[in-house]
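Asker: Chains V and C are the protein sequences, given in the same order.
What the first sequence shows, in my numbering, is residues 10 to 195, in sequence order.
What the second sequence shows, in my numbering, is residues 196 to 626, in sequence order.
Glycine included, C-beta positions come from ideal geometry on N, C-alpha and C.
Structure in structure tokens, see below.
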Amino acid sequence: MDQHGLVVRAQRGDRHAFAELARVSGARLDATARLILRDPDLAQDAVQETLIRAWRGLPGLRDPATFDHWLHSLVAHACIDLVRKRRRRVVEVELTPIHESPTLDDAARVVDRDLLDRALARLEPEARAVVVLHFYLDLPLPRVADMLGIPTGTAKSRLHRSLATMRSLMSIDEIASTTTALGGRI
Amino acid sequence: MDMHPSARLERVLPELIDELAEAHTPDYLEAAIERASSRPQRPAWTFPERWLPMDTVATAQVPTARFPMRALGILALIALLIAGAFIVYTGAQSTPAPPFGLAENGHIAIVSNGDLRAVDQVTGEVTDLVTGPEDDAHPVFSLDGTRLAFQRRIDASTSHVLVAASDGTDATVVTPEPLTDVRTIRFSPTTDQVLIEAARDGVPSFALVGIDGSGFDWLAIDGPAERAAFVPDGGAIVFVTKAADGGEGLARFDFETGQTTELLAAVPQSFIVGPPSMSPDGQGFAFGFWVNNGNATGNARIYTMPVDGSATHSMIPAPLDICCQANPAWSNDGTRIASQRIYGDRQVVATYDATDGGTAIEFVAPSDVPDITVAWSPDDRYVLATYWSAYASGSERTTELQHVVIDATNGALVESAWDNQGPASWQRVGR
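Below, the structure is given as structure tokens:
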């Protein structure tokens with residue numbers, strides 16, 4: 010069944026339909042939460058909260074076609090809420106890739122990821138949320154702003170400052186030389 | 196062409212961040228799904244939006260009322276939910292300020308490299324208002340703080356004027372075609388119109404237009420007209436006139452009658468320094484007036500006069516040892532004036548009693564800056580002073596600006612300059 014049908018069924022209380030939707034989105038939700046919160050335990054809490062809010066709030070989703078946007082909005086809010094609730098700096102946890110040890114050819118790539126990891130760790134969660142939603146979920150800034158409940162100008166400003174912070178911590182030249190040319194992401 | 200570092204980082208970030216994330220189905224997911232779906236869902240009728248006109252996409256069953264009592268109960272619950280949502284919404288939003296009088300301080304809109312930004316004077320945080328490849332300038336908040344007007348330059352001499360929400364969103368072009376030499380933008384006290392000072396056939400003129408771009412029209416004023424201030428009731432403007440010999444005076448234009456009334460006849464070789472500043476009660480206005488002494492020297496003083504021209508202008512007493520006092524700004528509570536004040540050996544930003552010039556508080560400014568304009572913070576706690584590198588009247592102002600925030604209660608410097616290349620505007624917020 011397509012997603013639209015699953016959403017409609019889940020809105021009517023079909024737990025199996027909801028479970029299917031959650032399984033499809035689960036990996037992305039977990040990754041988004043880990044990127045924003047940088048704490049695997051907190052991320053698990055955020056995803057749990059997201060799923061609870063999604064299940065309970067699904068009947069109120071007026072347009073099933075907006076399910077993905079709505080779910081991403083829920084996880085972003087869950088992450089921010091957790092940060093505010095706990096009122097502490099999140100533990101800086103390196104997001105170690107779960108694949109095998111990098112080969113010599115991948116060493117430079119690992120360095121880049123390590124630099125990015127450290128740079129992301131230096132951002133405040135609210136700013137990191139903007140970066141993650143924009144670059145990881147590939148959402149345009151007005152939609153990111155809408156998700157986080159902030160003006161577009163504020164989202165732009167947070168992104169601008171975050172990139173400036175990250176640039177100062179990362180070696181742009183080092184990254185540019187080790188990554189393949191990307192096309193179409195601008 | 197070498198790519199800008201920012202652009203390179205943005206190009207590599209998506210792929211890198213994707214690798215960093217290493218998305219995978221987490222071990223806890225099934226348990227999380229189970230825990231979530233074990234809870235009861237909220238019934239559809241508890242969501243007010245489901246009772247709005249349904250579109251064809253929604254197919255969820257909406258419970259219909261079988262009994263009048265149940266319908267009443269549902270409607271009452273919806274009303275409560277809507278009221279609750281409204282309270283939360285209004286609590287989170289800024290309340291529109293009254294157009295005149297004291298208000299809370301909002302953001303300060305500044306210009307930075309063709310973009311408009313908002314400065315939180317308390318925290319120093321700078322956020323974006325209007326950004327992009329366009330060359331935007333001259334941000335002006337409406338008197339109630341809910342709108343932002345600004346100038347979008349088309350080329351060296353022409354601009355469009357846009358009106359947006361106070362956060363810079365939903366910008367609308369209100370000028371039917373680019374205007375030449377846009378000098379000032381003023382919101383009407385009711386915020387539904389903007390008054391634009393621009394050149395029409397080479398003559399400084401005023402155009403009035405709705406904030407949605409409707410009803411654009413030039414005011415029928417004979418001769419050059421510059422630097423206007425709205426009378427608080429919105430029925431008229433007071434503005435600077437210019438005679439053929441270059442002397443400047445003051446006049447009032449009434450919107451209802453379309454009539455122009457002279458308030459101060461233009462005096463040869465004398466000029467009005469800066470725009471008139473209206474008292475918050477609308478009874479009078481202040482203006483700086485430089486009078487030629489006849490031997491290539493002159494003096495500038497601050498004067499006040501009634502907006503209806505019922506009395507002549509009267510000078511606010513000033514220290515005897517000053518050269519000039521100009522560019523006045525009337526405080527929001529109506530009790531004080533802030534202005535530029537020039538002594539022989541120094542230049543200051545001064546605030547003083549609007550009636551007798553007493554109880555002056557001064558902040559020493561750079562003596563080599565020819566021109567200083569001032570504005571009160573909406574709560575009258577501060578004065579925002581702008582240092583210009585060209586004289587206020589006559590010559591074209593350059594982009595060499597510096598802004599300082601001064602504590603109006605003691606003349607102490609509160610905030611140093613931001614990176615700003617144009618006039619700033621302090622947003623008024625409701626209390």
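Give the secondary structure of G14/V by DSSP, where H, G and I count as helix, E and B as strand, and everything else as coil.
Answerer: G14/V falls in the helix class under three-state DSSP.
Asker: Under three-state DSSP, which class holds G483/C?
Answerer: strand
Asker: Taking C-alpha atoms, which residue in L608/C, A603/C, V599/C and W571/C lies nearest to L338/C?
Answerer: W571/C
Asker: Quick check on this structure: which residue in P512/C, I567/C and I511/C has the alpha carbon closest to the alpha carbon of T581/C?
Answerer: Looking at the Cα atoms, I567/C is the closest of the given residues.
Asker: Please tell me whether D126/V has its Cβ less than 7 Å away from any Cβ of chain C.
Answerer: Yes, because at least one Cβ of chain C sits closer than 7 Å to the Cβ of D126/V.
Asker: Buried or exposed, going by whether 16 or more other CB atoms sit within 10 Å of the CB of T285/C?
Answerer: Confidence at T285/C is low in this model, with a pLDDT of 47, below 50, so its placement is unreliable and the value that follows should be read with caution. The residue in question, T285/C, is exposed, as its Cβ has fewer than 16 Cβ neighbours within 10 Å.
Asker: Does the Cβ of V377/C have 16 or more other Cβ atoms within 10 Å, making it buried, or fewer, making it exposed?
Answerer: buried
Asker: Looking at chain V, is there any beta carbon in it that lies within less than 7 Å of the beta carbon of I212/C?
Answerer: yes
Asker: A481/C touches chain V at which residues, Cβ-Cβ below 7 Å?
Answerer: Within chain V, no residue comes near A481/C; the closest Cβ sits about 35 Å away, beyond 7 Å.
Asker: Going along the stretch 291-306 of chain C in order, which residues come within less than 9 Å of chain V, judged by CB to CB distance?
Answerer: none
Asker: Can you pull out the residues from the stretch 342-375 of chain C whose beta carbon lies closer than 8 Å to at least one beta carbon of chain V?
Answerer: D362, G363 and T364
Asker: Give the DSSP-derived three-state secondary structure of F144/V in the structure shown.
Answerer: helix
Asker: Please report the distance separating the alpha-carbon of A524/C from that of S400/C.
Answerer: Spanning the two alpha carbons is a distance of roughly 23 Å.
Asker: Exposed or buried, G589/C, counting other C-beta atoms within 10 Å across all chains shown (16 or more means buried)?
Answerer: With a pLDDT of 36 at G589/C, under the threshold of 50, the modelled position of this residue cannot be trusted; read the value that follows with caution. By the neighbour-count rule (16 or more Cβ atoms within 10 Å), G589/C is not buried but exposed.
Asker: Rank I537/C, T507/C and G529/C by C-alpha distance to the C-alpha of Q496/C and give the top, closest one.
Answerer: The sequence as given places Arg at residue 496/C; Gln does not occur at that position. Residue I537/C is the option with its Cα nearest to R496/C.
Asker: Counting C-beta neighbours from all protein chains within 10 Å, is the total for Q454/C 16 or more, i.e. buried, or is it exposed?
Answerer: exposed
Asker: For chain C, is any of its Cβ atoms less than 7 Å away from the one on I45/V?
Answerer: no
Asker: Consult DSSP for V159/C and reduce its assignment to one of helix, strand or coil.
Answerer: Nothing about residue 159/C can be reported from this structure: the residues present for chain C run from 196 to 626 only.
Asker: Going along the chain, which residues of its own chain have a beta-carbon closer than 7 Å to the beta-carbon of Q316/C, five neighbours each way excluded?
Answerer: N300, I303, V600 and E610
Asker: Measure the Cβ-Cβ separation of P384/C and P427/C and say whether it is below 7 Å.
Answerer: yes
Asker: I need the straight-line Cα distance from A585/C to D362/C, nearest angstrom please.
Answerer: Legend: pLDDT at A585/C = 46, less than 50; position of this residue unreliable, no value from coordinates given.
Asker: Could you have a look at D417/C and say whether DSSP puts it in helix, strand or coil?
Answerer: coil
Asker: Taking the alpha carbon of T456/C as the point to measure from, which residue in A560/C, A415/C and G327/C has its own alpha carbon closest?
Answerer: A415/C
Asker: Rounded to whole angstroms, what's the CA-CA distance from T530/C to I432/C? Just pull it up for me.
Answerer: 22 Å
Asker: Quick check: what's the CA-CA separation for V156/C versus P373/C?
Answerer: Because chain C is modelled from 196 through 626, residue 156/C falls outside the range shown and cannot be assessed.
Asker: Just to check my reading of the structure: G442/C and Q478/C have Cβ atoms closer than 8 Å, yes? What is that Cβ distance to the nearest angstrom?
Answerer: In fact, because the Cβ distance is near 27 Å, the residues do not count as touching under 8 Å.
Asker: Does the CB of F76/V have a neighbour CB from chain C at under 7 Å?
Answerer: no
Asker: Output yes if chain C places a C-beta closer than 7 Å to the C-beta of R131/V; else output no.
Answerer: R131/V does not count as touching chain C.
Asker: Which bits of chain C does I61/V rub up against, with CB to CB less than 8 Å?
Answerer: R230, A231 and R234
Asker: Check each candidate in T379/C, A521/C, A513/C and T546/C and name the one with the smallest Cα separation from A424/C.
Answerer: Checking every option, the nearest Cα to that of A424/C belongs to T379/C.
Asker: Should D323/C be flagged as near chain V, meaning a C-beta pair shorter than 7 Å?
Answerer: yes
Asker: Taking 7 Å as the threshold (C-beta atoms), are G444/C and L459/C in contact?
Answerer: Against a cut-off of 7 Å, the Cβ pair of G444/C and L459/C comes out as a contact.
Asker: Please compile the residues from chain C whose C-beta is within a distance smaller than 7 Å of the C-beta of T163/V.
Answerer: T322
Asker: Measure the beta-carbon distance from V306/C to Q616/C and round it to whole angstroms, keeping in mind my assumption that it falls under 8 Å.
Answerer: The Cβ separation is near 5 Å, so the contact holds.
Asker: Find the nearest neighbour of S509/C within the set T386/C, D449/C and A549/C, judged by alpha-carbon distance.
Answerer: A549/C
Asker: Does any residue of chain C bring its CB to less than 7 Å from the CB of D121/V?
Answerer: yes
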